[in-house]
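Mind the numbering: the sequence shown is residues -1 to 275 in the working numbering, read in order.
Only one structure is covered here, and it is reproduced in the block below.
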Amino acid sequence: MNRLGDALRAWRDRLDPAEVGLPDGARRRVPGLRRAELAMIAGISVEYVVRLEQGRVATPSAQVCSALARALRLSDDEHAHLLRLAGHTADSGRIPRLIPAGVYRIMDQLTAQPVAVYDAIWQLLYWNPLFAATFGESAVGDAEDSNVLVSQFLAELPRVRQSPSEREAFEASLIADLRATTSRYPDDPDVEALVARLGRSARFRELWSRGAVGGHESAHKRVDHPEVGDIALLSNVLTMEDHLRLVVFTPQPGTDARSKLDLLGAVGLQNMSAALE
């Protein structure tokens, strides 16, 4: 049985294209969204949508599930059902990855800011178009490595710049936050796997050995954008129920970051309009 594929096709067929801003022309021979339209709205490839519907993907990531749930306008119960079908078991011992519909509505009102949602181990689950335009495809592309801790200690986000003191504070805060998560979800294998993976970094091992426990709430970052130049940002973390993190990036006072974000937002909207034509 291909229950995941069947559910995706049913949800795709029932969605009125007009609900997502697509023309509902007379040339449509089937109801709902086409696969290519769902792929475009969710930000994944058409080939991947085909593989999902044909049951040829064993466990799509929670990041992909969030993108599909948002694109398909799923309810919270349907989103939870999608996660279960995709192999993300929902129980008290596992990190929750269900983004409530209310959070999406909040993000819809924050289009002028780069915004993203992360789970308790800082795995990226969802982001708005301005976040992708600001930080680039490398920040949102590979679901396995779209993790703040992995990027900070094992990889590199080419656009992000921090001073030594900013980096020190940021990393220490992240590690203290991760240690708190290990006690909240001691039996979640994803937590254990992440800590083991990060152990390849000498810097992580040094900070981890301090044993600090805390929460990550804010950070200063500079984004070296290839088109608009340096963008000075302040990130603020709003921790929600189930320890989901809504991260909102705002311009640092006294900089020209606001005008640069406005420019990126306008360019992004133009590109989206062109893609829908």
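Note that the Cβ used here is the ideal one computed from N, Cα and C, for glycine as well.
Classify residue i as helix, strand or coil using the three-state DSSP reduction.
i      : result
Gly227 : strand
Val55  : coil
Val313 : Shown here, the chain extends from -1 to 275; a query on residue 313 therefore has no answer.
Arg243 : strand
Met38  : helix
Tyr183 : coil
Gln107 : coil
Leu259 : helix
His86  : coil
Val138 : helix
Ile173 : helix
Val211 : coil
Ser64  : helix
Ser163 : helix
Gly3   : helix
Asp254 : coil
Ala153 : coil
Glu189 : A small fix is needed here, since residue 189 is Val in this sequence, not Glu. Note: Val189 maps to helix in three-state DSSP.
Gly100 : helix
Arg95  : coil
Leu80  : helix
Val28  : coil
Arg33  : helix
Leu205 : helix
Arg198 : coil
Can you tell me which residues form a DSSP beta bridge with residue i?
i      : result
Tyr124 : Val115
Ala217 : Ser233
Thr248 : Leu232
Asp14  : Answer is none; Asp14 lacks a bridge partner.
Val288 : Any question about residue 288 goes unanswered here, given that the chain covers just -1 to 275.
Asn145 : Gln121
CA-CA distance, residue i and residue j?
i      : j      : result
Pro21  : Leu259 : 29 Å
Arg256 : Ala56  : 42 Å
Phe133 : Thr109 : 15 Å
Tyr124 : Gly209 : 30 Å
Gln121 : Pro224 : 25 Å
Val44  : Glu35  : 8 Å
Val113 : Ala170 : 23 Å
Thr253 : Ala230 : 7 Å
Phe202 : Val148 : 10 Å
Gln107 : Lys219 : 23 Å
Ala137 : Ala131 : 10 Å
Thr248 : Asn126 : 14 Å
Phe168 : Leu205 : 11 Å
Leu6   : Leu244 : 27 Å
Gly3   : Gly30  : 15 Å
Arg286 : Asp75  : In the structure as shown, the chain begins at -1 and stops at 275. Residue 286 is therefore absent and cannot be evaluated.
If you count every other CB in all the chains shown that lies within 10 Å of the CB of residue i, and 16 or more means buried, which is it?
i      : result
Val265 : exposed
Asp117 : buried
Gly263 : buried
Glu215 : exposed
Arg95  : buried
Asp175 : buried
Val221 : buried
Arg10  : buried
Met270 : Because Met270 carries a pLDDT of 39, less than 50, the predicted location of this residue cannot be relied on, and no value is offered for it.
Thr192 : Looking at the sequence provided, one finds Leu at residue 192 rather than Thr. When all chains shown are included, Leu192 counts as buried.
Glu51  : buried
Asn234 : exposed
Thr179 : buried
With a cut-off of 8 Å, does the C-beta of residue i fall near any C-beta of chain D?
i     : result
Asp11 : Considering every chain present, this structure includes no chain D. It has just one protein chain.
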